[in-house]
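This note's numbering applies: residue -16 is where the sequence shown begins, and numbers increase by one. Notes to accompany the following structure.
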Amino acid sequence: MALLHKRLVVGGLTGLIGVAGGYYVQDKFHFQAYAKEKTKEKACKKNDASCVKEIEQAYKTLQDPKCNSLLKKHLTQSVVDQLKNKKTKLGATLMDVIRSGVHNLDAGVGVYAPDSESYKVFAALFDPIIQEYHGFGPNDKQPDVDLGEGRTKELTPLDPEGKYIYSLRACS
């Protein structure tokens, strides 16, 4: 039993090292592109003038006819002028919000919130996009949650014959 246990430990460690090695080999090829992107991000945060210039260039890039994102629709020149000098407490800029949409002109939405404060600081951009995409505006109220007893009877069985679902675990 001790011999079997040692083999499992050695085999487990070998497998773990193999997975980590595979991850390293795959990831090292992506590292240079990632490092270049991070350098750009830091440059934008260090020098406000270069950041504003990068945002204005990004706005021009979004005018490409191939771009049909919600970002392009809602990022008007007046919104750019309103938000281009703003930063969150963690240093997120408008460029951080729109970077993905600028690099991926085929994106449907094209924005990401780098931190939670971004939704307030860049509300002039986020609010209309969220309103259009989710149909839920900043003045709308979430409905009350009603998951009380007896409501489970309203749910129809997902796999009534038990062919596909063996177990289910719900976490909150």
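Cβ atoms here follow ideal geometry from the backbone N, Cα and C, with glycine treated the same way.
Contact belief for residue i with residue j at Cβ below 8 Å, rounded distance in angstroms
i, j, result
"residue 81", "residue 58", "7 Å"
"residue 36", "residue 45", "So it is not a contact: roughly 15 Å between Cβ atoms."
"residue 77", "residue 38", "5 Å"
"residue 90", "residue 84", "5 Å"
Beta-bridge partners of residue i, as assigned by DSSP
i, result
"residue 59", "Paired residues: none, contrary to the question."
"residue 70", "76"
Limits of the unbroken alpha helix (DSSP H) element including residue i
i, result
"residue 123", "Segment: none, residue 123 is in no alpha helix (DSSP H) and carries neither H nor E."
"residue 77", "77 to 86"
"residue 44", "31 to 44"
"residue 101", "101 to 104"
Check whether the stretch 79 to 98 and the stretch 118 to 128 are in contact - that is, three or more C-beta pairs closer than 8 Å. no
At least 3 beta-carbon pairs within less than 8 Å: the stretch 97 to 112 vs the stretch 68 to 78: yes
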